Amino acid sequence: MKIGILTRRYGYNFGSALQGFAIMQLVKNQGHDVEVIKYDETSNHWLWKIRPFVEFIQYKVGLSFSKRKKKYLEQRFKQECLFKQFENKYFNLTERCFRNSGSLRKQSNKYDKIVIGSDQIWNPYFFDPCYLGSFIPVNERDKIVPYAPSFGTSNLDLISSKQIELIKSLKHLSCREEEGSNILKKFTGKDIPVVLDPTLMISEEIWNDIADKYVMSVLPEKYLLTYFLGSNIPQDEIDRLKNKYGLPVVNISIFNRINDVDCDLEVSDVGPGEFLYLIKNADHVVTDSFHGTIFSHVFKRKYTVVERFNENDLRNENSRIYTLLKIFGEQDRLYNKHFEKTDNCLQNKRQFSLEYLKNAINS
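As structure tokens, this is what we get:
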């Protein structure tokens with residue numbers, strides 16, 4: 101079968117890029133002819149449109165926001181290049197870039213099925229109806245296969261009536277987190293399967309092979325790696341681990357995030373491949389990142405997970421971390437919080453997730 105993949109590629113996020121590769125590889129491994137649809141979502145949402153202007157203003161005033169922000173913005177071009185190089189090397193992309201539902205509708209005629217996902221494609225803060233297959237006519241909606249989408253929030257009030265309407269029109273539904281599955285059940289009245297993030301669905305050998313192709317000579321032989329997307333930095337815990345193991349702290353910085361980790365070395369020339377290399381070669385990882393946690397597990401690193409959001413934050417996304425650690429049976433990795441530990445059920449979840457995807461594509 102000819103399968104199109106529609107996934108979030110913009111935002112220059114390591115996890116988004118790596119899950120995009122993984123879902124492509126997962127479908128390809130089932131014997132299908134697969135290509136990733138080059139879709140520019142930035143033309144369809146006002147938040148994407150104003151983002152460059154906000155960052156330009158931040159660049160101009162630089163020091164009034166943060167002494168380090170200006171330096172991060174100067175790294176933007178190089179970091180974007182690294183993401184594009186990774187895509188060009190590992191993605192089978194359509195030659196044409198699509199920017200609206202009309203052009204996607206014409207393109208969709210090429211495919212037997214369109215797999216949409218994974219990651220936070222249903223996040224109401226960046227709601228794009230194309231990620232719910234709005235470009236497919238109602239009588240062809242069984243052509244759409246959402247795989248492991250995430251809402252990125254538990255706040256039902258943020259989810260629009262249009263988004264709910266499109267969700268209800270889908271024949272196939274799945275979700276990446278238990279909380280998202282509960283949201284979908286409220287909308288549809290059906291039990292919705294919780295499936296694994298695609299980065300956990302392809303072999304560790306593939307990830308090792310990619311990581312080994314990237315070498316960062318500036319790194320110490322042994323190090324404690326930190327990577328944060330939020331501002332909740334457990335500096336006391338970082339210092340404790342540093343002193344306990346005698347490790348220098350290496351922090352990953354990215355141009356569109358500010359954090360104040362007290363580190364020995366900051367690395368910013370990092371794309372998806374370098375990200376894998378950094379985690380694979382670390383002695384210990386401290387992170388609030390969903391995919392930082394996944395690859396710490398994949399590469400069998402010691403790791404500590406930090407909650408990125410406060411419990412009363414409307415944008416709270418911590419549930420995805422709870423679901424992930426429960427699957428791994430590693431709730432004890434969560435910093436400053438205690439959950440009852442469960443057995444590792446990763447292999448069973450892999451089989452369950454694979455069966456869902458196979459059945460949805462072949463139905």
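Under my numbering, the final residue of the sequence shown carries the number 463; numbering is consecutive throughout.
Glycine residues also receive a C-beta, built at the ideal position from the N, C-alpha and C atoms.
Keep in mind that this is a model prediction, so the values were computed, not measured.
Exercise. When the distance is taken between beta carbons, is A248 closer than 7 Å to R205?
Worked result: The sequence position of residue 205 within the sequence shown is 105, counting from 1. The sequence position of residue 248 within the sequence shown is 148, counting from 1. No; because the gap between Cβ atoms is not below 7 Å, this pair is not in contact.
For this session: Please determine, among Q220, Q207 and D242, the residue with the shortest C-alpha to C-alpha distance to N462.
Result: Translated into positions along the sequence shown, residue 462 becomes position 362. Selected option, being the one with the closest Cα: D242.
Problem set entry | Local conformation of R241 per DSSP, three classes | On the sequence shown, residue 241 is found 141 positions in, with the first residue counted as 1. Three-state result, R241: helix.
Exercise. At what residue ranges does the stretch 380–409 contain a whole run of the alpha helix (DSSP H), taking only runs of 4 or more?
Worked result: 390–398
Exercise. What distance in whole Å lies between the Cβ atoms of F183 and G429, which are believed to be in contact at a cut-off of 8 Å?
Worked result: Counting from one through the sequence shown, the residue named residue 429 turns up at place 329. Counting from one through the sequence shown, the residue named residue 183 turns up at place 83. So it is not a contact: roughly 33 Å between Cβ atoms.
Exercise. Hey, how far is the Cα of L44 from the Cα of K344?
Worked result: Because the chain here runs from 101 to 463, residue 44 falls outside it and cannot be looked at.
For this session: Below 7 Å CB to CB, which residues in the same chain sit around E180 once its five sequence neighbours on both sides are set aside?
Result: Residue mapping note: residue 180 aligns to position 80 of the sequence shown, counting from 1. Contacts found: Y112.
Problem set entry | Spatial neighbours of L329 in its chain, beta-carbon cut-off 7 Å, leaving aside the 5 residues before and after | As a working mapping, residue 329 is identified with position 229 in the sequence shown. Once the five neighbours on either side are set aside, the close Cβ partners of L329 are R357, D388, S389 and R408.
Exercise. Do L193 and K138 have their CB atoms nearer than 7 Å?
Worked result: By 1-based counting over the sequence shown, the position of residue 193 is 93. By 1-based counting over the sequence shown, the position of residue 138 is 38. Their beta carbons are under 7 Å apart, which means L193 touches K138 by this criterion.
Problem set entry | Of the residues F235, P224, I216 and E195, the one placed nearest N209, counting alpha carbons only | Walking along the sequence shown from the start, residue 209 turns up at place 109. Closest in C-alpha terms to N209, from the list F235, P224, I216 and E195, comes F235.
Exercise. Is the distance from the Cβ of P224 to the Cβ of L258 below 7 Å?
Worked result: What you label residue 224 is simply residue 124 of the sequence shown in a count that begins at 1. What you label residue 258 is simply residue 158 of the sequence shown in a count that begins at 1. Against a cut-off of 7 Å, the Cβ pair of L258 and P224 comes out as a contact.
For this session: Starting from the Cα of D90, find the closest Cα among Y110, D364, L424 and D383 and give me that residue.
Result: Because residue 90 is not part of the residues shown, which for the chain are 101 to 463, the question remains open.
Exercise. For D336, which of helix, strand or coil comes out of DSSP?
Worked result: The residue you call residue 336 lines up with position 236 of the sequence shown. Helix, per DSSP.
Problem set entry | Outcome for M124 when other beta-carbon atoms lying within 10 angstroms are tallied against a minimum of 16 | Numbered from 1 along the sequence shown, position 24 holds the residue referred to as residue 124. Counting the other Cβ atoms within 10 Å of the Cβ of M124 gives 16 or more, which makes it buried.
Exercise. What runs of the alpha helix (DSSP H), each 4 residues or longer, lie entirely inside the stretch 231–312?
Worked result: Listed in chain order, the complete alpha helix (DSSP H) runs (minimum 4 residues) inside the stretch 231–312 are 261–268, 278–288 and 304–311.
Problem set entry | DSSP three-state assignment for Y225, whether helix, strand or coil | One-based indexing of the sequence shown puts residue 225 at position 125. Secondary structure at Y225: helix, using DSSP grouped into helix, strand and coil.
For this session: Work out the CA separation of V349 and S250 for me, nearest whole Å.
Result: Position 150 of the sequence shown, counting from 1, holds the residue named residue 250. Position 249 of the sequence shown, counting from 1, holds the residue named residue 349. Rounded to the nearest angstrom, the two C-alpha atoms are 32 Å apart.
For this session: Out of P334, Y211 and G373, point me to the one whose CA is closest to I310's CA.
Result: The residue you call residue 310 lines up with position 210 of the sequence shown. Among P334, Y211 and G373, the Cα nearest to that of I310 is on G373.
For this session: Return the first residue and the last residue of the beta strand (DSSP E) that E430 is part of.
Result: Counted from its first residue, the sequence shown places residue 430 at position 330. Per DSSP, E430 belongs to no beta strand (DSSP E) and is neither H nor E.
Exercise. What is the rounded straight-line gap between the Cα of L163 and the Cα of L266?
Worked result: By one-based count along the sequence shown, residue 163 stands at place 63. By one-based count along the sequence shown, residue 266 stands at place 166. Residue confidence for L163 is low, a pLDDT of 46 falling below 50, so the modelled location carries little weight and cannot support an answer.
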